[in-house]
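Taking this note's numbering, the leading residue of the sequence shown gets 263, the next gets one more, and so forth.
Don't be surprised by glycine CBs; every beta carbon is placed ideally from N, CA and C.
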Amino acid sequence: MTNDIYGPFPGNAAGFPDETWLKALTEGQRARYEELGTNLDVVERRIVDACAAAGRARDEVTLVVVTKTYPAEDTALLAGLGVTDVAENRDQDAAPKAEQCRNLPLDWHFVGQLQTNKVRSVVRYANHVHSVDRLRLVESLSAAVLKAERPELGCLVQVALDKEHGEGGHRAGVAPEDVAALTDAIADTPGLRLDGVMTVAPLSGPLAGDPARAFARLAEIATAVRTAHPAATMVSAGMSGDLEQAIAAGATHVRVGTAVLGVRSPLR
């Protein structure tokens, strides 16, 4: 496979890093590899410093690199740099990318709003879905997992911190007051594993523009979920602009795209 930037796809079944693979990179791939490595170093330092400021161990936080709109070649280069967790938000981009990278040691996360007609495809490659927000989706995921005869799928409830109890499903996420019912449903559904909660700092409502308060509110919700379901320890929060506040509030997974991959026009 080729594209107009990186030339031949660098993936292979030998694992990364690999000297033979590194020597085989084109000039363009090598430059991108070094750019990504520099960006990863900066993000890693931010995570280390945030953990230190919060009195947390570095290994309590997992970096999930969000590779949406970027080609599979970048995902392979990230694997070569030691990245183990990658995320996508659109199945039409994620499915072919995951197939192209199937030989790489990567843990795939789905973080976008998920329509039920995409569920069968998503369960083929994703190990975690961060965006579970309605009972119908829970039922669809369970049916797809059981039909595929694959291991349990890790599920996080997406919390919309600016949503009111009972508000309709026109926006992604569930209201804080509705989290308990959905987490209970996931925990009781075959084929699914309740892993925890996820949020995006809201752009409206009383918590808009204040990620520290937003993530503190998510921490309260996460604590309540763990009280009922002790194994649901994942707290997915924080992106390129607010990962420090998320880590200070107890996030276990930060989803970083732009700070690692740079700004890029969406793929057509």
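What does residue i pair with, by DSSP beta-bridge criteria?
| i | result |
| --- | --- |
| ARG556 | Residue 556 lies beyond the range of the chain shown here (263 to 530); nothing can be said about it. |
| ASP369 | ASP347 |
| VAL400 | None, per the DSSP bridge assignment. |
| ARG517 | VAL326 |
| SER383 | Answer is none; SER383 lacks a bridge partner. |
| THR461 | VAL421 |
| MET496 | GLY458 |
| HIS390 | HIS371, GLY416 |
| VAL436 | VAL421 |
At the level of alpha carbons, what is the spacing between residue i and residue j?
| i | j | result |
| --- | --- | --- |
| PRO464 | GLY500 | 11 angstroms |
| ALA410 | ALA314 | 42 angstroms |
| ALA276 | PRO367 | Here ALA276 scores only 49 on pLDDT, less than 50, and its place in the model is too uncertain to base an answer on. |
| ALA316 | VAL326 | 20 angstroms |
| ASP424 | THR485 | 19 angstroms |
| GLU426 | ASN389 | 30 angstroms |
| GLY519 | THR337 | 12 angstroms |
| ASP504 | ALA476 | 11 angstroms |
| ASP472 | LEU284 | 43 angstroms |
| LEU343 | TYR295 | 8 angstroms |
| LEU480 | VAL421 | 8 angstroms |
| GLY467 | ALA474 | 14 angstroms |
| LEU523 | THR461 | 22 angstroms |
| VAL497 | THR282 | 38 angstroms |
| ASP457 | VAL394 | 11 angstroms |
| ASP369 | THR324 | 11 angstroms |
| LEU418 | ALA449 | 11 angstroms |
| ARG530 | ALA493 | Because the pLDDT at ARG530 is just 45, under 50, the model does not fix this residue reliably, and the value given afterwards should be weighed accordingly. If I take the Cα positions, the gap works out to 40 angstroms. |
| GLY269 | LYS359 | Confidence in GLY269 is poor, its pLDDT being 48 and thus under 50, which makes the residue's placement unreliable; the coordinate value appears in the next sentence. Near 16 angstroms, if we compare the C-alpha coordinates of LYS359 and GLY269. |
| VAL400 | ALA356 | 20 angstroms |
| SER502 | ALA447 | 32 angstroms |
| PRO545 | GLY453 | Limits of the chain in this structure are 263 at one end and 530 at the other, which puts residue 545 out of reach. |
| ALA508 | THR346 | 20 angstroms |
| GLU322 | VAL348 | 17 angstroms |
| LEU302 | THR288 | 21 angstroms |
| SER402 | THR495 | 24 angstroms |
| ARG398 | ALA341 | 34 angstroms |
| LEU469 | ALA521 | 24 angstroms |
What do you get for residue i, buried or exposed, if any count of 16 or more other CB atoms within 10 angstroms of its CB means buried?
| i | result |
| --- | --- |
| ALA513 | buried |
| VAL304 | exposed |
| VAL310 | exposed |
| VAL525 | exposed |
| GLU335 | buried |
| GLN377 | exposed |
| GLY290 | exposed |
| ARG364 | exposed |
| PRO438 | buried |
| THR489 | exposed |
| PHE372 | buried |
| GLU361 | exposed |
| ASP440 | buried |
| ARG396 | buried |
| GLU482 | exposed |
| THR445 | buried |
| THR300 | exposed |
| LEU339 | buried |
| THR451 | buried |
| ALA293 | exposed |
| ALA319 | exposed |
| ALA443 | exposed |
Nearer than 7 angstroms: is that true of the beta carbon of residue i relative to any heavy atom of the ligand MG?
| i | result |
| --- | --- |
| PRO468 | With respect to small molecules bound, the structure shown includes none, and the ligand MG cannot be examined in it. |
Would you please state the rounded distance, in angstroms, between the beta carbons of residue i and residue j? I believe it to be under 8 angstroms.
| i | j | result |
| --- | --- | --- |
| VAL391 | LEU415 | 6 angstroms |
| ALA510 | ALA312 | 7 angstroms |
| VAL487 | VAL459 | 6 angstroms |
| GLU506 | ARG308 | 7 angstroms |
Consider the Cβ of residue i: report whether some Cβ of chain D lies at a distance smaller than 8 angstroms.
| i | result |
| --- | --- |
| THR489 | Given the protein chain composition of this structure (a single chain), no chain D is represented. |
Exercise for review: Would you be able to state if there are at least three C-beta pairs under 8 angstroms between the region 380–388 and the region 399–410?
Suggested key: Enough Cβ pairs lie closer than 8 angstroms, so yes.
Practice item. Decide yes or no for the touch test of the region 322–338 against the region 346–364: beta carbon pairs closer than 8 angstroms, at least 3 of them. Key: Between the region 322–338 and the region 346–364, the count of Cβ pairs shorter than 8 angstroms is three or higher; the stretches touch.
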